[in-house]
């Protein structure tokens, strides 16, 4: 008897079964679909671009203290108060002041700046306050300058963050959705049970990956639409290029998931392996902050990790509008990781 | 019918699990299951039953030996065999959040021909659970689902590995009924169990397996008859001295073919209980011994196992 229709095909049935199992698990739906959105909101709000707050300056009591404070307070950029030196030091230490000024009159005015040179705010305070006081004292600029403030989509933290979160979602999805799911079925002896039927193994693996891609498409779409509606995040590059990268990334991490799951016999083993894979990338792949902050010496290693080329490529396309063709190295790395992991995963795969 | 009319044939089956020391789970096992019969593979836990069955099912590779299923061999016709056999593994947890119907539909899609999910549910009386999630089924219902999944491809040969283990008596009876019906459909069934009375009721023939070998083969009746008596008289006395004396001399009672002591009970294998009982009671009256308990019953496959191995089967689930 021949097959009665598409609905009876094992690939369709296996994929449907995977999707039903997933959608009937409220927690899984939360972590995959809702959690990334919460992360976008939380980080987007926490790191939104704000006007720089007034520089907080304390001035030690002394001859010129009052006049310096009055001069600074005429500008909205400064918030100056006068107090004794020990109180001033305390505020400086606890971060409630950015700069402390001593202004002795011996015999001409002289300013002494106390600040923490490793704190960006302190350094900024020192330079702006100095600049202001020098001009007040009559200094003239040697060169004419003009300030051009920038606040366009594409330059904000949220624009930087969204490609990172896309990459993180693809990594988590591949490892959990493929790796964890397979080991879970192996433990329940469901893999063995499938093997005891005439089911083609390729159908089973294809169904796992197919259902993964369908979940990923929903997840990515939700994140992009949400970021667009609430934060105005848009891609400067083509969405086709973004979609291609997401497809490649999803397959890459499906391959890594398969490799991680190929032999693991217990939930503990697979969880450990998954963390081993994911932890370095949570930190070193530029999800939340640029990898350029790491020392030069580790850069070549970071650049070779599976998630880095993906996030780099997504970011370059979305923030700079680059085409996929000029990202050959990234794409080649993604394909190489995915291909190698699929190959080894299939080679080592254990059904029971 | 094919000329052979043999559903399963295996010869010289050996399976050694590598390790230090290597474990020899199956040691030269021969078996022949005829078409249409319900064949029971019995034995205690660790006897090698499951290993044997998994080799026959093509899930494990034998270290050596020859296996033929429905006239085919795994190496040459694996897929063809898979289409014609149905399997219920010892413990499979189907997906918790799929319904009974969805589970059966999924497995049905793997086979070229087979039953409709509704038919399979009807065979195991799960129709009213069609839309229930697997996780909400009772233990017995889950086992019935496993049997339904095994039957979904309408197999010529059914393997059921410990289908009733761990179930309550009611569920066991229900499942036994289902297995009996299977047999009436002309299907060959290979059943493993360590419930001997179940095997007696369900199986046409049984093989008792111990330490990876078949130690007895035949119909349950034949095996019991080989004990020398189809009845058992069990009794106990309060004094240990008396116990010893009876153990030595019990054999001389009329109609008794065997005598042994186990768990503080004296077991007599008996041909005719109405002959031995008056003699036994007379004996007690003359010597003024006190009888603590006395039971007579039909001999079972359990007794066969004890006779063959000198130890009881053990009844761990």
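Protein chains in written order, with this note's numbering: chain L, 118 to 469; chain U, 4 to 320. Heads up, the beta-carbon is just placed ideally off N, CA and C, and yes, glycines get one too. This one's a predicted model, so the numbers in the text were calculated from it and none came from an experiment.
- Residue 264 of chain U is positioned such that its CB atom lies closer than 7 Å to that of residue 250 of chain U.
- DSSP places residue 232 of chain L outside both helix and strand once states are collapsed to three, so it counts as coil.
- Going by DSSP, residue 178 of chain L is part of no beta strand (DSSP E) at all; its letter is neither H nor E.
- Neighbourhood of residue 96 of chain U in chain L, by CB distance below 8 Å: 305, 306 and 307, in chain order.
- The beta carbon of residue 151 of chain U is closer than 7 Å to those of 107, 123, 124, 126, 127 and 129 in its chain, skipping five residues each way along the sequence.
- Collapsing the DSSP output to three states places residue 260 of chain U in a strand.
- Residue pairing by DSSP places residue 18 of chain U opposite U:29 in a beta bridge.
- DSSP links residue 237 of chain U through a beta bridge to U:270 and U:298.
- Between the alpha carbons of residue 394 of chain L and residue 185 of chain L lies a gap of roughly 57 Å.
- Ranked by Cα distance from residue 299 of chain L, the first of L:277, L:190, L:375 and L:435 is L:375.
- Taking 7 Å as the cut-off between beta carbons, the residues of the region 58–92 of chain U near chain L are 60, 62, 82, 85, 86, 90 and 92, in sequence order.
- Using beta-carbon distances, residue 112 of chain U counts as an interface residue toward chain L, with a partner under 7 Å.
- With fewer than 16 neighbouring CB atoms inside 10 Å of its own CB, residue 14 of chain U falls in the exposed class.
- Neighbours of residue 130 of chain L in chain U, taken as residues at a C-beta separation under 7 Å, are given in chain order as 108, 109 and 112.
- Around residue 141 of chain L, the beta-carbon contacts reaching into chain U at under 7 Å are 100.
- In the DSSP assignment, residue 81 of chain U falls within the alpha helix (DSSP H) that extends over 77–87.
- For the pair residue 126 of chain L and residue 208 of chain U, the Cα-to-Cα distance works out to about 39 Å.
- When the alpha-carbon of residue 154 of chain U is set against those of U:111, U:187, U:131 and U:174, the nearest one is in U:111.
- Residue 160 of chain U is positioned such that its CB atom lies no closer than 7 Å to that of residue 182 of chain U.
- In this structure residue 389 of chain L is exposed. Its beta-carbon is surrounded by fewer than 16 other beta-carbon atoms within 10 angstroms.
- When C-beta atoms of the region 446–465 of chain L are compared with those of the region 400–410 of chain L, fewer than three pairs fall below 8 Å, so the two segments do not count as touching.
- For residue 316 of chain L, at least one C-beta of chain U is nearer than 7 Å to its own C-beta.
- Taking the CA atoms as reference points, residue 200 of chain U sits about 29 Å from residue 27 of chain U.
- Listed by position along chain L, the residues whose Cβ is nearer than 7 Å to that of residue 275 of chain U form an empty set, because the closest Cβ is around 49 Å away.
- Think of a sphere of 7 Å around the beta carbon of residue 310 of chain L: the chain U residues whose beta carbon falls inside it are 92 and 95, in chain order.
- Around the beta-carbon of residue 277 of chain L, 16 or more other beta-carbon atoms lie within 10 Å, marking it buried.
- Per DSSP, residue 69 of chain U is not a residue of any alpha helix (DSSP H); the beta strand (DSSP E) it occupies stretches across 67–72.
- Only residues of its own chain outside the window of five on either side were considered, and among them 362, 444 and 447 have a CB closer than 6 Å to the CB of residue 430 of chain L, listed in chain order.
- Counting only residues of its own chain and dropping the five nearest sequence neighbours on each side, residue 100 of chain U has a CB closer than 6 Å to the CB of 136.
- In the structure shown, residue 447 of chain L falls within a helical segment according to DSSP collapsed to helix, strand and coil.
- A Cβ-Cβ distance of about 5 Å is found for the pair residue 215 of chain L and residue 239 of chain L, placing them in contact under the 8 Å criterion.
- By the beta-carbon neighbour count (other beta carbons within 10 angstroms, threshold 16), residue 198 of chain U is buried.
- Bounds of the alpha helix (DSSP H) holding residue 333 of chain L are 318–348.
- Note that the C-beta distance between residue 278 of chain U and residue 237 of chain U is not below 7 Å.
- Residue 170 of chain U and residue 143 of chain U have their C-alpha atoms some 6 Å from each other.
- Where residue 176 of chain U is concerned, the enclosing alpha helix (DSSP H) starts and stops at 172–187.
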